[in-house]
Amino acid sequence: MSVGYQSPQNISNDRLRKFFSGVPVRVVVLLIALVWTLPSAGLLVSSLRPPNDIVSSGWWTVFTHPFEASVWTVDNYLQVLTSHGLANAFLNSVLVTVPSVVIPITIAAFAAYAFAWLEFPGRRFLFTVVVGLMVVPLQMSLIPLLRLYTQLDLNGTFLGVWLAHTGFGLPLAIFLLFGYISTLPGEIIEAAHVDGASPLTTFTRMVLPLSVPVIASFAIFQFLWVWNDLLVALVFLGTNENVAVITARLAALVGRRGEQWQVLTAGAFVSMVVPLLVFFLLQRYFVRGLTAGSVKG
Amino acid sequence: MTISAPAESPRVPALKRLVAGALRVLISLVVPVITFLALRWAFIFMRDAEANKLSVGAVGLIVGVGAVWVLYLVTDNLASLLPDGIRETVRPFVFVGPALVILTVYLVYPAVRTIYFSFMGPRSEEFVGLENYAFALTSSDMLIALRNNVLWLVFVTTFVVSLGLIIAVLVDRIGRWEPVAKSFIFLPMAISAVGASVIWRFVYSFQPIQRPQIGLLNAVYTALGGDPQGWLILKPWNNFFLIAIMIWILTGFAMVVLSAAIKGVPAELLEASRIDGATEIRIFFGVIIPYIRGTIITIGTTVLIMVLKVFDIVFVMTAGQHETEVIANRMYREMFTYGNFGHSSALAVVLLIAVIPVMIYNVRSLEQSRR
């Protein structure tokens with residue numbers, strides 16, 4: 001601030017600004033953060049309390065004597081993981097999610113490379129179609145696919161869900177990867193071509209390694225989308241304990257054991273562990289991925 | 001510089017080239033057959049409920065991921081066998097082909113079928129004209145659902161964008177604690193809507209009047225002198241308690257994006273307005289908001305699309321009971337509970353029509369970026 005002279009108004013303005021950047025703003029932000037965190041905190045605390053305590057007193061009362069061993073327990077977690085089948089559901093979620101992330105990325109990367117660097121008839125038109133499909137609600141696909149799956153005996157199989165998530169995630173994946181791959185320097189791709197590299201070699205040796213940042217962003221977005229999805233899993237896998245994913249099991253528990261809070265709180269937290277880990281470990285990619293992926297239909 | 005590739009060198013005897021070619025054809029044929037058999041075996045293996053979960057997972061991963069790569073390698077190899085003239089015209093389709101097939105099977109074709117089903121009866125056996133749309137737009141159940149969707153769209157979008165904006169401005173001024181505060185507010189975005197619903201069911205939980213309240217909202221409400229309420233059956237306010245969940249989830253997302261945009265406002269611009277004597281409030285409305293208008297519109301549109309299709313929260317919290325129905329939940333119920341594919345398809349088409357303006361906007365932006 002090299003302004004030597006300040007008008008009286010400027011001085012009052014300065015005070016105003018200092019006031020705003022001072023204590024009151026911090027208090028307000030702290031309050032907002034608190035309000036945003038309390039519901040989840042209540043869930044976490046309750047999940048660690050004995051069932052009788054949960055329904056007989058508010059979760060905030062534990063803080064009156066937080067160091068007594070009798071107020072805490074991990075039995076709720078043992079119970080939901082074993083007798084309510086959430087361990088199995090957790091595993092199912094992993095089995096559904098990993099291929100549902102890898103397959104669309106692979107297919108989209110090949111397609112995005114072709115859209116960006118290979119000449120073929122209908123290229124512009126087809127890419128326009130991809131962009132148009134991005135916001136189509138997946139509800140438009142459910143009934144015809146359900147019927148198709150019934151004919152093919154794919155209902156309730158992991159393969160069916162992988163392909164469904166691949167289909168629903170593909171337009172966004174192609175769009176994002178195209179945006180990145182098309183901005184790679186043309187000279188290096190030309191050079192590879194001149195050196196006699198086939199398009200496939202160029203793609204696997206140069207384009208894929210260079211596209212890691214955008215692939216990571218999309219991977220995180222798709223991972224969370226699939227892990228947290230309920231609708232697709234309900235429609236194509238159902239609530240049968242053998243194959244049901246964790247969100248579907250949790251939703252079923254709410255329906256059947258709506259007042260057994262020891263089950264619901266621990267169950268909900270089990271379902272959140274993975275997304276929260278991803279969130280805390282990969283926050284930078286996480287924000288980028290979610291922002292990029294928010295246009296999905 | 002293909003000296004090292006003997007198959008393409010003219011000096012290599014014709015017989016050798018023939019053998020090499022035959023080998024390639026053989027490989028190109030054998031590999032798909034093996035792939036297919038492996039897929040089939042894996043498919044049957046994976047349907048076997050008795051199989052060990054971990055081995056199912058391992059097989060799934062290898063097949064799911066490996067098969068896709070093998071598919072590309074084989075088809076690319078096949079394309080290489082083609083005569084020079086057409087080889088390079090075919091090859092791009094090796095790359096985009098699988099994507100186009102999946103998009104057609106999973107999005108284009110079903111969309112056409114759904115539009116067709118929306119004019120057919122419950123079992124898609126007879127043509128019923130606009131009957132399903134009459135249901136979707138005029139039946140008393142659906143009028144409530146449509147009203148609720150409008151409530152969701154208006155309140156979630158307004159609150160998410162304005163709260164996100166206010167919080168973004170505030171956290172910009174708290175110095176080194178900014179990332180921490182942002183993390184806490186952004187956190188719900190990582191949680192599934194089902195998980196969030198359980199969290200909030202607990203907040204809204206209700207106990208009879210003599211017993212201690214275990215839900216945060218009733219505890220606060222009774223402490224202030226009110227009688228405990230069953231918030232989720234309190235028509236029509238229960239809708240707003242569900243809407244609050246979505247606002248809680250999405251505000252952090254809006255805040256993060258808007259915060260990045262606000263940091264992009266040039267410091268000279270702000271400094272100039274301050275020297276001119278503008279108050280902070282005026283700078284906010286007169287400088288910051290116009291500067292980030294594009295981002296605000298993007299966030300608003302994004303939230304609109306997400307809210308339009310809201311399903312999980314309603315499904316878990318109330319299953320659409322007590323006049324909290326929304327289009328997407330009703331669509332699911334028509335499909336699975338009532339088995340009425342005509343109604344269900346018409347509701348899906350209603351959702352599609354609602355997003356068409358966004359689709360047109362996206363395609364237009366694409367056309368513009370091409371010029």
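Sequence lines, in order, name chains A and B.
Start counting the first sequence at 1; every next residue gets the next number (the numbering used here).
Start counting the second sequence at 1; every next residue gets the next number (the numbering used here).
Beta carbons are placed, not taken as given, at the ideal position from N, Cα and C, and that holds for glycine.
Identity of the residues DSSP links to residue i by a beta bridge
i                      : result
residue 120 of chain B : B/127
Rounded straight-line distance, which links the Cα of residue j to that of residue i
i                      : j                      : result
residue 143 of chain B : residue 137 of chain B : 7 angstroms
residue 236 of chain A : residue 271 of chain B : 57 angstroms
residue 5 of chain B   : residue 73 of chain B  : Its pLDDT being 40, under 50, residue 5 of chain B is placed unreliably in this model, and the value from its coordinates should be taken loosely. If I take the Cα positions, the gap works out to 19 angstroms.
residue 46 of chain A  : residue 145 of chain A : 41 angstroms
residue 381 of chain B : residue 351 of chain B : Missing from the structure shown is residue 381 of chain B; chain B here goes from 1 to 371 and no further.
residue 298 of chain B : residue 201 of chain A : 38 angstroms
residue 22 of chain A  : residue 172 of chain B : 12 angstroms
residue 218 of chain A : residue 156 of chain B : 26 angstroms
residue 306 of chain A : residue 52 of chain A  : Beyond the ends of chain A as shown, which are 1 and 297, falls residue 306 of chain A; an answer cannot be given.
residue 203 of chain B : residue 218 of chain B : 8 angstroms
residue 66 of chain B  : residue 166 of chain A : 15 angstroms
residue 214 of chain B : residue 246 of chain A : 26 angstroms
residue 48 of chain A  : residue 310 of chain B : 31 angstroms
residue 366 of chain B : residue 172 of chain A : 14 angstroms
residue 103 of chain B : residue 170 of chain A : 7 angstroms
residue 188 of chain B : residue 88 of chain B  : 49 angstroms
residue 216 of chain A : residue 176 of chain A : 11 angstroms
residue 152 of chain A : residue 98 of chain A  : 23 angstroms
residue 203 of chain A : residue 59 of chain B  : 27 angstroms
residue 314 of chain A : residue 213 of chain A : Outside the shown range of chain A, which is 1 to 297, sits residue 314 of chain A, and nothing can be said about it.
residue 277 of chain A : residue 220 of chain A : 12 angstroms
residue 235 of chain B : residue 37 of chain B  : 58 angstroms
residue 304 of chain B : residue 175 of chain B : 32 angstroms
residue 302 of chain B : residue 317 of chain B : 24 angstroms
residue 119 of chain B : residue 140 of chain B : 20 angstroms
Residue i in three-state terms, based on DSSP
i                      : result
residue 65 of chain A  : coil
residue 174 of chain B : coil
residue 325 of chain B : coil
residue 426 of chain B : Residue 426 of chain B lies beyond the residue range present for chain B, which begins at 1 and ends at 371; the question has no answer from this structure.
residue 155 of chain B : helix
residue 299 of chain A : With chain A running from 1 to 297 in the structure shown, residue 299 of chain A is simply not present.
residue 182 of chain B : helix
residue 213 of chain B : coil
residue 79 of chain A  : helix
residue 204 of chain B : coil
residue 260 of chain A : coil
residue 168 of chain A : helix
residue 183 of chain A : coil
residue 319 of chain B : coil
residue 132 of chain B : helix
residue 83 of chain B  : coil
residue 229 of chain B : coil
residue 191 of chain B : coil
residue 72 of chain A  : coil
residue 121 of chain A : coil
residue 357 of chain B : helix
residue 93 of chain B  : helix
residue 300 of chain B : helix
Residue i: CB within 7 angstroms of a non-hydrogen atom of the ligand NAD
i                      : result
residue 319 of chain B : Looking for the ligand NAD in the displayed structure turns up nothing, as the structure carries no ligands at all.
**Message:** Using 8 angstroms as the cut-off, can you tell me whether the region 161 to 168 of chain A makes contact with the region 103 to 110 of chain A, which would need three or more C-beta pairs spanning the two stretches below that distance?
**Reply:** By the Cβ rule, the region 161 to 168 of chain A counts as touching the region 103 to 110 of chain A, because three or more pairs are nearer than 8 angstroms.
**Request:** Determine, using beta-carbon pairs with one atom in the region 200 to 218 of chain A and one in the region 106 to 113 of chain A, whether at least three such pairs fall under 8 angstroms.
**Result:** By the criterion of at least three beta-carbon pairs nearer than 8 angstroms, the region 200 to 218 of chain A is in contact with the region 106 to 113 of chain A.
**Asked** Is it a yes or a no for the region 325 to 341 of chain B touching the region 88 to 102 of chain A, going by three-plus beta-carbon pairs under 8 angstroms?
**Response** No, because fewer than three Cβ pairs between the region 325 to 341 of chain B and the region 88 to 102 of chain A fall closer than 8 angstroms, the two stretches do not touch.
**Request:** Tell me, please, whether the region 274 to 289 of chain B touches the region 227 to 244 of chain B by the rule of three or more beta-carbon pairs shorter than 8 angstroms.
**Result:** Taking a contact to require three or more Cβ pairs closer than 8 angstroms, the region 274 to 289 of chain B and the region 227 to 244 of chain B do not qualify as touching.
**Request:** Decide yes or no for the touch test of the region 236 to 256 of chain B against the region 158 to 168 of chain B: beta carbon pairs closer than 8 angstroms, at least 3 of them.
**Result:** Short answer: they touch.
**Request:** Take every Cβ of the region 194 to 213 of chain B, pair it with every Cβ of the region 275 to 283 of chain B, and state whether three or more of those distances are shorter than 8 angstroms.
**Result:** In this structure the region 194 to 213 of chain B does not touch the region 275 to 283 of chain B; the number of beta carbon pairs closer than 8 angstroms is below three.
**Message:** Suppose only complete runs of 4+ residues qualify. What are the alpha helix (DSSP H) ranges in the region 245 to 291 of chain B, listed by chain order?
**Reply:** Counting only runs of 4 or more, we get 267 to 275, 280 to 283.
**Prompt:** Okay, do the region 123 to 135 of chain B and the region 355 to 367 of chain B touch, 3+ Cβ pairs below 8 angstroms being the bar?
**Reply:** No, the region 123 to 135 of chain B does not touch the region 355 to 367 of chain B.
**4-residue-minimum alpha helix (DSSP H) runs that sit fully inside the region 191 to 251 of chain A, ordered along the chain** = Runs of the alpha helix (DSSP H) lying entirely within the region 191 to 251 of chain A and spanning at least 4 residues, in chain order: 199 to 202, 212 to 228, 231 to 236.
**Prompt:** Where in the region 26 to 62 of chain A do unbroken runs of the beta strand (DSSP E), each at least 3 residues long, occur, reported from the N-terminal end onward?
**Reply:** Fully enclosed beta strand (DSSP E) runs of 3 or longer: not present.
**Touch test, the region 75 to 90 of chain A against the region 268 to 275 of chain A, Cβ-Cβ under 8 angstroms, three pairs minimum** = In short, these stretches touch, since the Cβ pair count reaches three.
**Message:** If contact is defined by three or more beta carbon pairs under 8 angstroms, each pair taking one atom from either stretch, is the region 229 to 244 of chain A in contact with the region 168 to 187 of chain B?
**Reply:** Here the region 168 to 187 of chain B does not lie against the region 229 to 244 of chain A, with fewer than 3 beta-carbon pairs under 8 angstroms apart.
**Request:** Taking 8 angstroms as the threshold, find out whether the region 54 to 71 of chain A comes into contact with the region 257 to 265 of chain A through three or more Cβ pairs.
**Result:** Yes, since at least three Cβ pairs between the region 54 to 71 of chain A and the region 257 to 265 of chain A fall closer than 8 angstroms, the two stretches touch.
**Item:** Cβ contact check for the region 182 to 201 of chain A and the region 145 to 158 of chain A: 3 or more pairs under 8 angstroms
**Value:** For the pair of segments examined, the region 182 to 201 of chain A was found not to touch the region 145 to 158 of chain A: the number of CB pairs separated by less than 8 angstroms stays below three.
**Asked** Taking the runs of the alpha helix (DSSP H) that are 4 residues or longer, which of them lie wholly in the region 135 to 160 of chain A?
**Response** Counting only runs of 4 or more, we get 139 to 152.
**Prompt:** With a cut-off of 8 angstroms, do at least 3 Cβ pairs link the region 147 to 156 of chain B to the region 236 to 253 of chain B?
**Reply:** Yes, the region 147 to 156 of chain B touches the region 236 to 253 of chain B.
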